[in-house]
Amino acid sequence: MEAIALSRLGRVYDKVLKQRWKAKECFKRCIQLVSSLSPRTFYSEEWYKDCTTTLERYQQEVMMRDEALKQEKYAKIKEELKDELGELEKYKEKDSEDLLIFVYKNFPPKNSKHRIKQADVKAARDGKKKFEEAIANSSNTLSSRQGR
2 MEAIALSRLG RVYDKVLKQR WKAKECFKRC IQLVSSLSPR TFYSEEWYKD
52 CTTTLERYQQ EVMMRDEALK QEKYAKIKEE LKDELGELEK YKEKDSEDLL
102 IFVYKNFPPK NSKHRIKQAD VKAARDGKKK FEEAIANSSN TLSSRQGR
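If you use the numbering used here, the sequence shown corresponds to residues 2 to 149, in order.
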C-alpha cells in the first residue's frame, strides 16, 4: 500500500506540482519498497509501470543534458584545434609514412630517444613497424606525463 501511495504521490509532484526532485524521491522510495517485497512482482501494475517509466524518462533527460554539455565542450576544443585538424586532414589521402613524418615533425616527442629520422621512415619497408614504434613512444610519453 505504501508503494502505491508513493507512486501516486510522485505522479502528483511530477505532473501537477512540477517538483521533479520530490517526485524522483517518491519514485525511488517506491522502487525500494517493491524490491523489498521480492518474491512478489508488480510489473503488471499500472502504478508500477508509471513509476518506472517516469524514472527512466528522468534518466534519459539527464543523459541528454550531459551529452549536450559534452558536445559543447568538444566543439570548443575542436574550434581551438581547427588548424591542426585541418593539416591532419590533408594526410588522409596520402601515404601513411607521410603522416608519420608530419606528426613527428610538428609534434615531436619530449624525450629525444623517441625521435625518428625522416630517412628511417622512408627507408623502412614495413611502415607498420615504425607505426608500432611511434605508438609505443607516444604511450611512454603519455604515461610519464600522467605520473605512472
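Backbone N, C-alpha and C define an ideal beta-carbon position, used for all residues, glycine too. Computed from a predicted structure; not experimentally measured.
Inset, instruction - For Lys23, collect the residues of the same chain with a Cβ closer than 6 Å to its Cβ; drop the 5 residues on either side in sequence, then sort them by chain order. - result: Once the five neighbours on either side are set aside, the close Cβ partners of Lys23 are Tyr14.
Legend entry - Coarse secondary structure for Lys96, derived from DSSP in three states: The question names Lys, yet the displayed sequence has Asp at residue 96. Coil, per DSSP.
Inset, instruction - With distances taken Cα to Cα, identify the nearest neighbour of Glu88 among Lys106, Gln20, Phe28, Arg30. - result: Considering only alpha carbons, the answer is Lys106.
Legend entry - Thr42 (DSSP reduced to helix, strand or coil): Coil at Thr42, not helix or strand.
Inset, instruction - Name the two residues that bound the continuous alpha helix (DSSP H) containing Phe28. - result: 21–37 is the span of the alpha helix (DSSP H), which, as asked, contains Phe28.
Inset, instruction - Pick helix, strand or coil for Asn107, following the three-state DSSP scheme. - result: In the three-state scheme derived from DSSP, where H, G and I count as helix and E and B as strand, Asn107 is classed as helix.
Inset, instruction - Measure the C-alpha to C-alpha separation of Leu100 and Lys71 and round it to an integer number of angstroms. - result: Computed Cα separation, rounded: 29 Å.
Inset, instruction - Have a look at Lys114 and Ala137 and give me their C-alpha separation to the nearest angstrom. - result: If you take the alpha carbons of Lys114 and Ala137, they lie about 12 Å apart.
Inset, instruction - Quick one: grab the DSSP three-state call for Ser145. - result: Confidence at Ser145 is low in this model, with a pLDDT of 46, below 50, so its placement is unreliable and the value that follows should be read with caution. In this structure, Ser145 counts as helix in the three-state DSSP scheme.
Legend entry - Met64 in three-state terms, based on DSSP: Met64: helix per DSSP, three-state reduction.
Legend entry - Proximity to Gln60 [Cα-Cα], best of Lys74, Asp84, Phe28, Lys79: Looking from the CA of Gln60, the closest CA among Lys74, Asp84, Phe28, Lys79 belongs to Phe28.
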